[in-house]
Amino acid sequence: MGRLRTFGGSVVDDANAANGNDAIVVSIDYGRAAAFGPGRGDRPALPTVRGRARVGRRGARRVIRQGRQRLRASDRSPSVPPTCGGGVGGMASSESTASSSGQSTQVDEATVRKAVGAAAMGNLVEWFDYGIYSYVAVIIATQFFPGGDPKSNLPLTFALFMVAYLVRPLGGTILGPLGDRIGRKRVLALTIVVMSAASFVIGFLPTFQMVGWLAPSLLVVARLVQGFATGGEYGGAAAFIAEYAPDRKRGFYCSFLEFGTTGGFVLAAGMVTTLQFALPPEAMSAWGWRIPFLIAGPLGLVGLYLRSKLEDTPAFQQLEQEAHIAESPLKELLTHHWRPVLQCMGLVLFYNVAVYAVLFYMPSYLQVTLKLPETEALLYVLAMMLLIMFVIVPVGSLSDRIGRKPLILASAIGFIVLSYPAFLLLGQGTVGSTVGGLVILGLLLVMLLGTMSATLPALFETEVRYGGFSIGYNFSTSLFGGTAPFMMSLLVEEMGSVTLPGVYIAVATVISFASVLMLRESARRPLPGAKANVMSPHVAPA
């Protein structure tokens, strides 16, 4: 590698300077390294090169090697853009502009709000479909399987739901790194179109009485297509908002992503409840259940329109400007960034077990296991989700002030201690006990919903954020989250205990607890590999 000289937290490549080139300076900061080379003559400044540097000198070698490659490339290509000036990635001043110091990016509040709305809309479409499937699961059990017994067919219905999670890791593995290579915006436009189209198709599928076993087979195909697209949705949407949001308010803005999650559930619950009030049971079973699936199509078009009106994130445009987009983001991720992927999987394990238990499994649990009337069960869940929606954004804002980790840790401890008592209350069957159990579970869950969408993107460097998040999130969700309703339903059916779902959540949280303890605080700090995001000052009109 040549002669290296270390001083003040930096490593200087003297050998490069001895060969007639500018010295490459590698700055070591919190386990990350950046190499810089100044301009010389008619050659522009060296684009920034970042890499992991777990041990100063040793880690610096790889970064310096990359820096030398960049210098040789800039010698061959005089048109390499400079690192400073002119904004981030040539963005217009109305979108975002680099600060004069070059160390931060100013973001316009109106643009941030548009980015939040566009990203959250896709999440709403995704969870609107999941919510519909959850709230009409009992009908699906009678329409797509033989026998017509909802109780015996319900595990089959949840197993069919679980099938989509077999391809979510594949979708995350393909679409996530693709978003790190061609941009977040393009991939997110694809995912929302495919998700909404698959839901729309489900609304037209024939029943078992019409075509026999072809009916559940077609439903499986639609769910597989939807699951593949969903594998690239959440990670990209979270990265999109996190990379647009100002650092000091990232928790506040990212919480709107999960506001879209609960919004999708509330919209689905409200629509299904309205249909149950408006239609006779026979009409609801015959054709009424199809209406919410058909509405997913127009919702997807609205989301596509919103996303098409935005530029890609300042952080990704910074990568483009610096020519630092990895040739193979997946290889870069698995070679140098596998530790945050594992931590992401650990955090998502208990997070999504709780999400799918409380938001997805709960309506069927109340109806089938506790024998509550359909409309009453949906009203209970709808009230709980409205409570969550009311609290979720303040929780995200709170995480900007006190940190993400304290809230996540408090939620984890709460799920370990209180999950079993909460389901014990639900099992009593009274109005007071049912409300009490749902309030406990809802408040514990909202501490995660308000913080995780800002926490998980901060685990990864910019060049692998979409892929790392998508792969870690979807593998964990596929193994543990998507299987939770099926496993809980099966345990209750086979063992006859109404409290076993609480035990399941508590055990999942214990498994994840090490990942929670190892979590580094990310509130009010720049995302790894990106400049600080600050809100542009409001200028009074002349």
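Under this note's numbering, the residues of the sequence shown are numbered 1 to 542, in order.
Note that the Cβ used here is the ideal one computed from N, Cα and C, for glycine as well.
All values derive from a computational prediction rather than experimental measurement.
**Asked** Closest by CA to Pro340, which one among Met195, Arg465, Gly502, Pro537?
**Response** Residue mapping note: residue 340 aligns to position 340 of the sequence shown, counting from 1. Cα-wise, what sits closest to Pro340 is Arg465.
**Message:** Whole angstroms are fine: how far does the CA of Met452 sit from the CA of Gly179?
**Reply:** One-based indexing of the sequence shown puts residue 179 at position 179. One-based indexing of the sequence shown puts residue 452 at position 452. One Cα belongs to Gly179, the other to Met452, and the distance between them is close to 20 Å.
**Asked** Excluding five sequence neighbours on each side, which residues of the same chain lie with their C-beta closer than 8 Å to the C-beta of Pro169?
**Response** Numbered from its first residue, the sequence shown carries residue 169 at position 169. So the list reads Gly231, Ile471, Asn474, Phe475, Ser478, once near-sequence residues are dropped.
**Bridge-paired residues (DSSP) for Met495** = Within the sequence shown, the letter at position 495 stands for residue 495. Residue pairing from DSSP leaves Met495 without any beta-bridge partner.
**Beta-bridge pairing of Ala532 - partner residues as DSSP gives them** = Mapped onto the sequence shown, residue 532 falls at position 532. For Ala532, which the question treats as bridged, DSSP gives the partners Ser104.
**Asked** Considering only residues of the stretch 234 to 277, which uninterrupted alpha helix (DSSP H) runs meet the minimum length of 4 residues and lie entirely inside it, listed in chain order?
**Response** Taking only runs of at least 4 residues, the alpha helix (DSSP H) segments lying wholly in the stretch 234 to 277 are 234 to 244.
**Item:** Nearest candidate by alpha-carbon position, reference Leu310, set Met518, Val112, Arg524, Arg525
**Value:** As a position in the sequence shown, residue 310 is number 310, starting the count at 1. Looking only at Met518, Val112, Arg524, Arg525, the smallest Cα-Cα distance to Leu310 is reached by Val112.
**Prompt:** Using DSSP with H/G/I as helix, E/B as strand and the rest coil, what is Phe204?
**Reply:** In the sequence shown, counting from the first residue as 1, residue 204 sits at position 204. If DSSP states are grouped into helix, strand and coil, Phe204 belongs with coil.
**Request:** Within the same chain, show all residues whose beta-carbon is closer than 6 Å to that of Met362, passing over the 5 residues directly before and after it, in chain order.
**Result:** Here residue 362 corresponds to residue number 362 of the sequence shown, with the count starting at 1. Answer for Met362: Val381, listed in chain order.
**Asked** Is the CB-CB distance between Ile192 and Gly303 below 7 Å?
**Response** The count along the sequence shown starts at 1 and reaches residue 192 at position 192. The count along the sequence shown starts at 1 and reaches residue 303 at position 303. Going by beta carbons, Ile192 and Gly303 fall inside the 7 Å limit.
**Request:** Assign Ser536 to one of two classes, buried (16 or more other C-beta atoms within 10 Å of its C-beta) or exposed (fewer than that).
**Result:** As a first step, residue 536 must be located in the sequence shown, where it is residue number 536. By the Cβ neighbour-count rule, Ser536 is buried, with 16 or more other Cβ atoms within 10 Å of its own.
**Request:** Can you tell me the Cβ-Cβ gap for Asp312 and Ala532, rounded? I've got them flagged as a contact below 8 Å.
**Result:** Counted from its first residue, the sequence shown places residue 312 at position 312. Counted from its first residue, the sequence shown places residue 532 at position 532. Between the beta-carbon of Asp312 and that of Ala532 there is about 19 Å, and that puts the pair past the 8 Å contact cut.
**Request:** On a CA-only basis, which of Gln343, Phe390, Met384 is nearest Leu438? Give me that one, please.
**Result:** In the sequence shown, counting from the first residue as 1, residue 438 sits at position 438. Closest option to Leu438, Cα to Cα, is Met384.
**Message:** Applying the 10 Å Cβ sphere with the 16-neighbour rule, what's the burial state of Arg58?
**Reply:** Walking along the sequence shown from the start, residue 58 turns up at place 58. Its pLDDT being 46, under 50, Arg58 is placed unreliably in this model, and the coordinates cannot settle the point.
**Asked** Do you know how far the Cα of Arg181 is from the Cα of Ala17?
**Response** Taking the first residue of the sequence shown as position 1, residue 17 is located at position 17. Taking the first residue of the sequence shown as position 1, residue 181 is located at position 181. Its pLDDT being 41, under 50, Ala17 is placed unreliably by the model, and the measurement read from it follows with that caveat. Whole-angstrom Cα-Cα distance: 32 Å.
**Asked** Does the pairing of the stretch 216 to 225 with the stretch 343 to 352 give three or more beta-carbon distances under 8 Å?
**Response** Contact between the stretch 216 to 225 and the stretch 343 to 352 is absent: fewer than three C-beta pairs spanning the two stretches fall below 8 Å.
**Item:** Glu521 versus Asp400 - alpha carbon distance
**Value:** Here residue 521 refers to the residue found at position 521 when the sequence shown is read from its first residue. Here residue 400 refers to the residue found at position 400 when the sequence shown is read from its first residue. Rounded to whole angstroms, Glu521 to Asp400 spans 11 Å at the Cα level.
**Request:** Please specify which runs of the alpha helix (DSSP H), each continuous and at least 4 residues long, are wholly inside the stretch 155 to 205, giving them in chain order.
**Result:** As summarised for the stretch 155 to 205, the continuous alpha helix (DSSP H) elements at least 4 residues long and confined to that stretch are 184 to 202, given in chain order.
**Prompt:** Would you say Leu319 and Thr462 are within 7 Å of each other, going by their C-beta atoms?
**Reply:** Taking the first residue of the sequence shown as position 1, residue 319 is located at position 319. Taking the first residue of the sequence shown as position 1, residue 462 is located at position 462. Yes.
**Prompt:** The alpha helix (DSSP H) spanning Ser308 covers which residue range?
**Reply:** The sequence position of residue 308 within the sequence shown is 308, counting from 1. Run containing Ser308: 290 to 308, per the alpha helix (DSSP H) assignment.
**Item:** Cα-Cα separation, Ala296 to Gln276
**Value:** Here the question's residue 296 lines up with position 296 in the sequence shown. Here the question's residue 276 lines up with position 276 in the sequence shown. Distance between the alpha carbons of Ala296 and Gln276: 19 Å.
**Message:** Suppose contacts are defined by Cβ-Cβ distances below 7 Å. Is Leu378 in contact with Ala215 by that definition?
**Reply:** Residue numbering aside, residue 378 sits at position 378 when the sequence shown is read from its first letter. Residue numbering aside, residue 215 sits at position 215 when the sequence shown is read from its first letter. Leu378 is not a Cβ neighbour of Ala215, given a cutoff of 7 Å.
**Message:** For Ala245, which residues in the same chain have their Cβ closer than 7 Å to its Cβ, ignoring the five residues on either side in sequence?
**Reply:** Here residue 245 refers to the residue found at position 245 of the sequence shown. Within its own chain, the residues whose Cβ lies closer than 7 Å to the Cβ of Ala245, once the five positions on either side in sequence are excluded, are Val112, Tyr253, Cys254, Asn533, listed in chain order.
**Item:** Alpha-carbon to alpha-carbon, Gly436 and Leu418
**Value:** Locating residue 418 in the sequence shown gives position 418, where the first residue counts as 1. Locating residue 436 in the sequence shown gives position 436, where the first residue counts as 1. Spanning the alpha carbons of Leu418 and Gly436 requires a straight line of approximately 12 Å.
**Request:** Have a look at Ala278, Pro394, Thr157, Ala458 and flag the residue whose alpha-carbon is nearest the alpha-carbon of Thr483.
**Result:** Along the sequence shown, read from residue 1 onward, the residue named residue 483 stands at position 483. The shortest Cα separation from Thr483 among Ala278, Pro394, Thr157, Ala458 belongs to Thr157.
**Prompt:** Is Gly468 near Leu333, with beta carbons less than 7 Å apart?
**Reply:** For the purposes of this step, residue 468 is identified with residue 468 of the sequence shown, where counting begins at 1. For the purposes of this step, residue 333 is identified with residue 333 of the sequence shown, where counting begins at 1. Gly468 places its beta carbon less than 7 Å from that of Leu333.
**Request:** Identify, in the order they occur along the chain, each residue of the same chain with its Cβ nearer than 8 Å to the Cβ of Met389, setting aside the five sequence neighbours on each side.
**Result:** Against the sequence shown, residue 389 aligns to sequence position 389. These residues qualify, in order along the chain: Phe259, Thr262, Gly263, Val266.
**Asked** Is it the case that the Cβ atoms of Asp129 and Ser199 are separated by a distance below 7 Å?
**Response** Along the sequence shown, read from residue 1 onward, the residue named residue 129 stands at position 129. Along the sequence shown, read from residue 1 onward, the residue named residue 199 stands at position 199. Result yes, Cβ atoms of Asp129 and Ser199 sit closer than 7 Å.
**Message:** I'd like to know whether the C-beta atoms of Phe204 and Pro146 end up nearer to each other than 7 Å.
**Reply:** Counting from 1 along the sequence shown, the entry for residue 204 is found at position 204. Counting from 1 along the sequence shown, the entry for residue 146 is found at position 146. No, Cβ-Cβ distance for Phe204 and Pro146 is not below 7 Å.
**Start and end residues, alpha helix (DSSP H) containing Trp338** = For the purposes of this step, residue 338 is taken as the residue at position 338 of the sequence shown. Following the DSSP letters along the chain, one finds Trp338 inside the alpha helix (DSSP H) bounded by residues 338 to 355.
**Residues near Arg525 in its chain [Cβ-Cβ closer than 7 Å; skip 5 each side]** = Taking the sequence shown and counting its residues from 1, the one referred to as residue 525 is at position 525. Closer than 7 Å at the Cβ level, and outside the excluded window around Arg525, lie Asp247.
**Message:** Measuring straight from C-alpha to C-alpha, what distance separates Gly481 and Tyr356?
**Reply:** Here residue 481 refers to the residue found at position 481 when the sequence shown is read from its first residue. Here residue 356 refers to the residue found at position 356 when the sequence shown is read from its first residue. Near 6 Å, if we compare the C-alpha coordinates of Tyr356 and Gly481.
**Prompt:** Would you call the CB atoms of Val116 and Phe316 closer than 7 Å?
**Reply:** Within the sequence shown, the letter at position 116 stands for residue 116. Within the sequence shown, the letter at position 316 stands for residue 316. No. Outside cutoff.
**Asked** Does DSSP put Ile416 in a helix, in a strand, or in coil?
**Response** As a working mapping, residue 416 is identified with position 416 in the sequence shown. Helix at Ile416.
**Prompt:** Going straight from the alpha carbon of Phe240 to that of Val187, what length do you get?
**Reply:** Here residue 240 refers to the residue found at position 240 of the sequence shown. Here residue 187 refers to the residue found at position 187 of the sequence shown. So the alpha carbons of these two residues sit roughly 11 Å apart.
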